[in-house]
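Structure record follows, encoded as structure tokens.
Numbering (this note's numbering), first residue to last: 1316 to 1620.
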């Protein structure tokens, strides 16, 4: 007989992995399905505000989270979830590799990087344009690069790139960094390889087979070998829309128990309408969602197989 899980967690970031840890400790038969283990955490250069990990690379933290979930008994699969639908007493989760049945669902799909939406942005991806300094910084040794954005991710990306590149320009549309933590701003200010260009926006990517230069809104054309785009994220809401969950500006509306508008479906992490988007809050929401799923299953008469 095909396995019926107590819980399927969609998303393998901090929210999903911590939900898996807690659910497994509640002895729920738990399956985690995700495309990117660790989520966007795995792309972070360095994390300094996660409790008990004063300084840790994003990839290392993602690895520890996955190992912890596995150690507690969770099954983890690297697949893309295409659709979810309710069939009688169960949810049917369809992925790129198969179909799984579950008594409950936790959506921890998180967010994805926002694009500049310039004409040839997609064509130049991997040819000078990148959304992940942790992944691609090593390709720009002794090169000139730009970083678009003014938040923590932009500044930490610039600091990482400065370890490889000979010059790094931070291109930001406002007159100063309003959102980045002061500690990162201080490090950027001290780094002689980094130059900040305020009140500036990239309006054109120049190059066909490879990025050669960028044009700014002041008309200036700058020769760069790479451009790293760090202008925030948008919610990955496709599954939520498919399930007709209540949304708020694209984020899943949840209550204090991480319950959504559909019974048996919970949500946690950056995909929810909770205001603070941090690793530690995502992980805590995952724990709450797992507890709520446990209580939901305990009150039902459906049994896992």
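Cβ atoms here follow ideal geometry from the backbone N, Cα and C, with glycine treated the same way.
Residue 1340, DSSP secondary structure in three states: In the structure shown, residue 1340 sits in a helix (DSSP, three-state: H, G or I).
Residues bridged to residue 1405 by DSSP? Bridge partners of residue 1405: 1402.
Under the three-state reduction of DSSP, which class applies to residue 1513: helix, strand or coil? In this structure, residue 1513 counts as coil in the three-state DSSP scheme.
To which residues does DSSP link residue 1417 through a beta bridge? Paired residue(s): 1320, 1406.
Only counting runs of 3 or more residues, tell me where the beta strand (DSSP E) segments fall wholly within the segment 1462-1498, in order along the chain. If you keep only unbroken beta strand (DSSP E) runs of at least 3 residues inside the segment 1462-1498, you get 1482-1486.
Beta bridge counterpart(s) of residue 1550 as assigned by DSSP: 1426, per the DSSP bridge assignment.
Would residue 1504 be called buried (16 or more neighbouring beta carbons within 10 Å of its own) or exposed? Exposed is the label assigned to residue 1504, since fewer than 16 other Cβ atoms lie within 10 Å of its Cβ.
For residue 1356, three-class secondary structure by DSSP: Helix.
Please go through the segment 1553-1610 and give each complete beta strand (DSSP E) segment of 3 or more residues, from N-terminal end onward. Runs of the beta strand (DSSP E) inside the segment 1553-1610: 1580-1582.
How should residue 1453 be labelled, buried or exposed, when 16 other C-beta atoms within 10 angstroms of its C-beta is the threshold for buried? With fewer than 16 neighbouring CB atoms inside 10 Å of its own CB, residue 1453 falls in the exposed class.
Endpoints, the alpha helix (DSSP H) within which residue 1376 is located: Here the alpha helix (DSSP H) through residue 1376 covers 1373-1387.
For residue 1397, which residues from the same chain have a beta carbon less than 8 Å from its beta carbon, with the 5 sequence-adjacent residues on both sides left out? 1409, 1410, 1411.
Could you check which residue in 1588, 1521, 1331, 1607 has the C-alpha nearest to that of residue 1434? In this structure, 1521 is the residue among 1588, 1521, 1331, 1607 with its C-alpha nearest to the C-alpha of residue 1434.
Report all residues from its chain with a CB closer than 6 Å to the CB of residue 1480; omit the five preceding and five following residues, and keep chain order. Once the five neighbours on either side are set aside, the close Cβ partners of residue 1480 are 1455, 1458, 1460.
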